[in-house]
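Residue 136 in the numbering used here sits at position 136 of the sequence shown; the count goes up by one each step and never skips.
Quick reminder that beta carbons are idealized off the backbone N, C-alpha and C, glycines included.
Model, not experiment: these values are computed from the prediction.
Worksheet for the structure shown next.
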Amino acid sequence: MTKNITLFLFLFFTSVLVQSQQPYYTGIDFSLNEQELYDQLQDLVSIHLTTFSYGDARDLLVYTDENHENFNTVLLVYGYNDTDGNCTTDRTRDKSDFGGNQCQYNREHVFPRSLSVPDMGNANNSATGIIADPHNIRASDQQMNNDRGDKKFQLGSGFSGPVGSGSWYPGDE
1 MTKNITLFLF LFFTSVLVQS QQPYYTGIDF SLNEQELYDQ LQDLVSIHLT
51 TFSYGDARDL LVYTDENHEN FNTVLLVYGY NDTDGNCTTD RTRDKSDFGG
101 NQCQYNREHV FPRSLSVPDM GNANNSATGI IADPHNIRAS DQQMNNDRGD
151 KKFQLGSGFS GPVGSGSWYP GDE
């Protein structure tokens, strides 16, 4: 009986989730070639970016990366250990510790900006478009963000850090 209820709930919520995504992608032709599909998706996303700036994206991190176990903290994208005495590897950071100094968090793009769309622009607080898209920005320890730099993600295992020459593993988590 419990298996049947669990299966029913799983199927019910899966179908609700799938159906809730449908209206957002109405008009997108997923059979297009790679570049055409990219362009169509970029147009769709850009409709929703006109009201966000890079500065706004920073302010949103306290909500998008909020730690649901402690609402006063944010989860850091490459962090993994709050107990080793090294703030660079911390998994969480107090929401008020935003900045560019040691043991503070800042914004990290989930893609190397130097290797992405050429017309992306500079990352200043008034910049808009893909550079300010909250889907592309995560809270990261300032030093860990600097360590990653423009390294592309690479397969690996264990904790986040450099892999091979010029690549970065974001961590198992």
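Between glycine 79 and phenylalanine 159, the alpha-carbon positions lie close to 8 Å from each other.
Glutamate 173 and glutamine 142 have their C-alpha atoms spaced approximately 19 Å apart.
Note that the stretch 160-170 does not touch the stretch 128-143; fewer than 3 beta-carbon pairs, one per stretch, sit closer than 8 Å. With fewer than 16 other beta carbons inside 10 angstroms of its own, leucine 32 counts as exposed. Under the three-state reduction of DSSP, glycine 55 is assigned to helix. With fewer than 16 neighbouring CB atoms inside 10 Å of its own CB, leucine 155 falls in the exposed class. By alpha-carbon distance to leucine 41, the top candidate from Phe52, Ile28, Ser53 is Ile28.
When the alpha-carbon of glutamine 102 is set against those of Thr88, Lys95, Asp56, the nearest one is in Thr88. Checking the DSSP bridge columns, you'll see alanine 139 partnered with Arg107.
Note on threonine 83: under 16 other CB atoms within 10 angstroms of its CB, so exposed under the neighbour-count rule. Here arginine 148 carries a helix assignment [DSSP, helix/strand/coil].
Judged by DSSP secondary structure, threonine 92 falls within the beta strand (DSSP E) whose first and last residues are 92-94. Looking only at Gly99, Asp39, Asn70, Asn81, the smallest Cα-Cα distance to asparagine 146 is reached by Gly99.
For histidine 109, same chain residues with a beta-carbon under 7 Å away, outside a window of 5 residues either side, are Asn136, Ile137 in chain order. Aspartate 65 sits buried, since 16 or more C-beta atoms from the chains shown fall within 10 Å of its C-beta.
Shown here, tyrosine 169 sits in a strand according to DSSP, grouped into three states.
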